[in-house]
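What follows is one structure encoded as structure tokens, with my remarks underneath.
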Ligand SMILES: [Zn+2]
């Protein structure tokens, strides 16, 4: 049975694709055979060597190993995880840049909240989309509920008939 190498949380791994096995093995770079925990043998298909190096290098820029992931479309796991497949090095770089922007925005928001709490805040809670609960917690401002279509005006017999 063939299986495709992928990166999961900073490790190159390969899944055992024997139905219901669900095992995966960590790979040495270039390793072409695995035997899973249940003894199933598989041949590992790798991307071209230059891609393995480029993908590993690009993912290596991410300090958090849990953010280092890459999956080829041939590895069926993505159907379960919904993760992107066949990302090029450029895709990975763009994904990382976006994540860093989001992190920076979150840090900036946390700083604003800190300033606000310290009494020097240039922005209001409302502008930040937050409300202060009776318990003193800052939580996202609730949005108006969206009515479920067809439910308005419907009568239920709560006695259960
Ligand atoms: Zn197996």
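In this note's numbering, the protein residues as written are 37 to 197.
Backbone N, C-alpha and C define an ideal beta-carbon position, used for all residues, glycine too.
The beta carbon of residue 54 sits closer than 7 angstroms to at least one heavy atom of ligand 1. With fewer than 16 other Cβ atoms from the protein chains shown falling within 10 Å of its own Cβ, residue 65 counts as exposed.
Per DSSP, residue 48 is one residue of the beta strand (DSSP E) stretching across 47-51. In this structure, ligand 1 has a non-hydrogen atom nearer than 7 angstroms to the beta-carbon of residue 76. Judged by DSSP in its simplified three-state form, residue 68 adopts coil rather than helix or strand.
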